[in-house]
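Here the structure is laid out as structure tokens; the discussion comes afterwards.
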Amino acid sequence: MIAKDFILASSSPQRKRLLEQIDFEPKEILAADIDESELAHERPLQYVRRMAYQKAKAVALLRPNENILASDTIITVGLRIIHKSKNAEEQTKVMQLLSGRNHKVISAVCLIRKDGTLTERTVTTRLSMKRMNEEEIASYVASNEWVGVCGYKIEGRLAGFVQNMVGSFTGIVGLPLYETRNLLLGAGIK
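Under my numbering, the residues of the sequence shown are numbered -2 to 187, in order.
Here it is, written out as structure tokens:
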């Protein structure tokens, strides 16, 4: 595969694999080191867009005159943003919250072009989860599939608990491919 003319502002192996799946291998991967704290009264959609933009901007400052692609994905229950759990106890609480409930996964993709032009897309996917019993939750938490991601990995064990999904599967994994491909093609990256 020939590397394309863009830098991926993410160290996520899932995002790299997704890009390769559609023949868009980045020429470089450079993780953005940013503060991911929520601002006071910030809504989930505002937050995820700001995170994607700030990741792209941070890498653009390090690599001026390059095409920079960044993304952020969050899980929300109402207006509550689910962040990466630090330990099994936190993840158990997340799973108890999601169990038997509807929630959303929002992915924002941001492209800062070489000329400084900014384009972005946001995708919201709605999911409903079956009610998980204590044993199912404990088993999922013990699997450690959730380590390093916010909430869960849809491409793992948790898929067996999703009753319904409306939206982008790849957006849940971490990078909505349809929107990302169109952003890159729109910038002349082929």
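For every residue, glycine included, the Cβ atom is placed at its ideal position computed from N, Cα and C.
Counting C-beta neighbours from all protein chains within 10 Å, is the total for residue 30 16 or more, i.e. buried, or is it exposed?
exposed
Mind checking whether residue 64 and residue 110 have CB atoms under 8 Å apart?
yes
Considering only DSSP beta bridges, list what residue 100 is partnered with.
124
Rounded separation between residue 26 and residue 41 - CA only:
26 Å
The alpha helix (DSSP H) spanning residue 72 covers which residue range?
Taken as a continuous stretch (DSSP letters only), residue 72 belongs to no alpha helix (DSSP H), being part of the beta strand (DSSP E) at 65 to 74.
Using 10 angstroms around the beta-carbon of residue 73, count the other beta-carbons present and answer buried if the total reaches 16, otherwise exposed.
buried
Among 7, 56, 93, 102, which has the Cα closest to the Cα of residue 76?
102
Ends of the beta strand (DSSP E) at residue 77?
77 to 79
Would you identify the three-state DSSP class for residue 161, choosing helix, strand or coil?
strand
Do you know whose CA, among 81, 182, 130, 134, lies nearest residue 33's CA?
81
Where does residue 166 sit, in a helix, a strand or coil, going by DSSP?
helix
Just to confirm my understanding: we take residue 161, look at its own chain, exclude 5 residues before and 5 after, and list those with CB closer than 6 Å. What are they?
125
CB-CB length for residue 168 against residue 116, believed under 8 Å:
That belief does not hold up - the Cβ atoms of residue 168 and residue 116 are roughly 17 Å apart, past 8 Å.
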